[in-house]
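First to last, the sequence lines map onto chains F and V.
Heads up, the first sequence is in our numbering, so the first residue is 1 and it goes up one at a time.
Heads up, the second sequence is in our numbering, so the first residue is 1001 and it goes up one at a time.
See structure below.
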Amino acid sequence: MIKRILGTETEFGIAARHSESVDPVSTSLLLINQYPYLPSTRILWDYEHENPLLDVRGFEVEGERERPGPDYNRLLNKVLANGGRLYVDGAHPEYSTPECTHARDVVIYEKAGDRILRQCCEAAARMKEPSHLVLFRNNTDGKGNSYGYHENYLVDRLVPFETLMKHLIPFFVTRQIYAGSGKVGAENRMPPAPYQISQRADFFETLVDLNTMVKRPIINTRDEPHADSAKYRRLHVIVGDANMAETSTYLKVGVTAMVLTMIEENGPLPEIELEDPVRSIKEVSRDIGLKSPIRLSDGRKFTAVEIQRLYLEAAHRYFERSEADPETRDVLTKWESVLGRLEQDPMQLSRELDWVIKLELIRSYMDKKKCGWDDSRLAMMDLQYHDLRSGKGLYAALEKDRYVDRITTDREIEQAEQNPPTDTRAYFRGTCLKKFPKEVYAASWSSILFDIGNTTIKKVPLMEPLRGTQSLTGSLLESARSVEEVLSRLSM
Amino acid sequence: MSKQEHKTDRKKETGKKEEETASGSKSAEKGKKIKEDLDKLMDKIDDVLEENAEEFVKNYVQKGGE
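What follows is the structure, given as structure tokens:
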């Protein structure tokens, strides 16, 4: 299978205990500026190629492009040794993984991000004010305010956007059955529910649009590839939940990448058109028994598991013919096993999938306490499941006591905090930052700029995310004694 | 979260009577163990759960995401 560039962005919910009058922007800024292991605190984020207002449908919407001055830029942005980015977006701390090509690496780098944020929290806690900061890796405050978790997949520009949409809509509406994080209650004036599979489903009000904050679309049309735009588009997926469970993230990213490959290669995808995807996404989220049928435009009816099975069967047919790499084979096996168990009895997944882990935890608690769904402790459990603090987070507690299955190791996560993936341009970015922290003037996804005391700042464009890898630049970066040498050997 | 995975016991379908009894008492033991583990876990949740859950949940408001 061709290598695909993958990466995710997580916005964290932020709260301060014992304090009601906390300004989220300054608290978020204070928080990310506590991180002790940055290669340099002087590096700017290079906004030159960024334009989130460009729409794939061929127009640009009005709005203010972000261009902070140098001091504020440094306060807002931290370029990490692992090639990722820690920053403040709106009123939230946010972490972007470096570019990866394996779904399992995305899981590892997301967990490395949690580790970074946890250290920020601990450092802030050692200061006097504001004390007791709490971070949540979730997507909602439970009162109608949602914050995002965005996946990014680089896809071939030649694939018509309509083709992507057609195949992705039924897939996105139903993949929550393994990728949902679980939620107590309903929001955004949607029909009541004691428990839902997805954190985000209630917030999707339209099918296709550029928005991410209001009237959220199932398919987002932002056209900002952070790469050669003649060759690539970056599919910006805003419909997913931030997961705690490693299997949920692994399948969410791994299966989506696989479906994109089949779309790009004209693979045998199921011909399915949902009658009302915006309604269905909320109905699937409320169907914790996974038995309710979804109506298609042609009158047929399938359950969410059945729709996922049609995609799985297509993938089996497609990857039988082509050379599937070990990760693709592993994702296929896990996907099949998970769908089989979801069909029999979803509670069998209570060690692997977030929404089931959380549901089992809450049900056991309700049994023990003899309480109902309206008990406020359940909403607290829902929130605290996502708490990043190791002594307080409920997922963290389950993980520590081995109640949940993992696919990564602590050692790998620790390594990923300070080391970039080796198989993308993140390697070049991260390695330059670590080796020449004083000379790096600015960085972005598609560039790195050096200030070596000359009259001009030298920019190395990184428009091809599959270059700048260890195999292409490792020996150069290892042997070079100065930035001048790197630049001259890159013949700049 | 059960510590042991739920597995269909194939021995039961094919196997002998002794095995059936043995695996039967084994799964009863398993069940007891799971119950004890869950009880411990629920007590632990009470220990870590934020005090004043109602107030905490009420005060947690996030605006300006994405």
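For glycine and all other residues, C-beta sits at the position ideal for the given N, C-alpha and C.
Restricted to the region 88-169 of chain F, the beta strand (DSSP E) segments that are unbroken, complete and at least 3 residues in length are 92-96, 133-136 and 149-156, listed in chain order. For residue 440/F, DSSP records a beta bridge to 450/F.
Three or more beta-carbon pairs separated by less than 8 Å link the region 9-16 of chain F to the region 133-141 of chain F, which places the two stretches in contact. When C-alpha distances from residue 363/F are compared across 238/F, 397/F, 236/F and 194/F, the shortest belongs to 194/F. Annotation: the continuous alpha helix (DSSP H) that includes residue 25/F extends over 24-32. Look at residue 62/F here: in three-state DSSP terms it is coil, with no helix or strand label. At a cut-off of 8 Å between C-beta atoms, residue 1029/V does not count as an interface residue with respect to chain F. Residue 255/F is bridged by DSSP to nothing; it lacks a bridge partner.
Taking 4 residues as the shortest admissible run, the region 246-320 of chain F contains the following complete alpha helix (DSSP H) segments, listed from N- to C-terminal end: 246-264 and 277-286. Scanning 105/F, 45/F, 248/F and 81/F for the CA closest to the CA of residue 423/F turns up 105/F. The straight-line gap separating the alpha-carbon atoms of residue 429/F and residue 307/F is approximately 40 Å. Ranked by Cα distance from residue 309/F, the options 269/F, 408/F, 405/F and 51/F are led by 269/F. Taking the C-beta atoms as reference points, residue 222/F is found nearer than 8 Å to residue 52/F.
If you check the CB distance, residue 435/F and residue 447/F do not come in under 8 Å.
Comparing alpha-carbon positions, the option among 1058/V, 1028/V and 1041/V lying closest to residue 396/F turns out to be 1041/V. Under the Cβ criterion of 8 Å, residue 282/F is not counted among the residues facing chain V.
8 Å or more divides the Cβ of residue 285/F from the Cβ of residue 344/F.
Under DSSP, residue 79/F takes part in a beta bridge, and its partners are 85/F. Your pair residue 1062/V and residue 311/F does not check out as a contact, with CB atoms roughly 33 Å apart and the cut at 8 Å. Per DSSP, residue 220/F lies in no alpha helix (DSSP H) segment; the continuous beta strand (DSSP E) that holds it begins and ends at 216-220. Annotation: Cβ neighbours of residue 364/F in chain V (cutoff 7 Å, chain order): 1038 and 1042. The alpha-carbon separation between residue 473/F and residue 358/F amounts to approximately 44 Å. The beta strand (DSSP E) runs of length 3 or more contained entirely in the region 223-249 of chain F are, from start to end of the chain, 232-237. A check of alpha carbon separations from residue 243/F across 271/F, 324/F, 266/F and 387/F identifies 387/F as the nearest. For residue 1033/V, the nearest beta carbon of chain F is not closer than 8 Å to its own beta carbon. Rounded to whole angstroms, residue 382/F and residue 250/F show a C-alpha spacing of 22 Å. What residue 383/F touches in chain V, judged by beta-carbon distance under 7 Å, is 1057 and 1060, going in chain order. Rounded to whole angstroms, the gap between the alpha carbons of residue 31/F and residue 23/F is 12 Å.
Per DSSP, residue 428/F is one residue of the alpha helix (DSSP H) stretching across 426-435. Residues of chain F whose Cβ lies closer than 7 Å to the Cβ of residue 1063/V are, in chain order, 91 and 145. For the pair of segments examined, the region 1048-1065 of chain V was found to touch the region 85-95 of chain F: the number of CB pairs separated by less than 8 Å reaches three. Boundaries around residue 458/F are those of the beta strand (DSSP E), 458-461, since no alpha helix (DSSP H) includes it. The C-beta separation of residue 17/F from residue 1049/V comes to about 13 Å, leaving the pair out of contact by the 8 Å criterion. Chain-order list of chain V residues neighbouring residue 376/F: 1053, 1054 and 1057, by C-beta distance under 7 Å. Ranking 103/F, 282/F and 361/F by CA distance to the CA of residue 330/F puts 103/F first. A Cβ of chain V is located within less than 8 Å of the beta carbon of residue 368/F.
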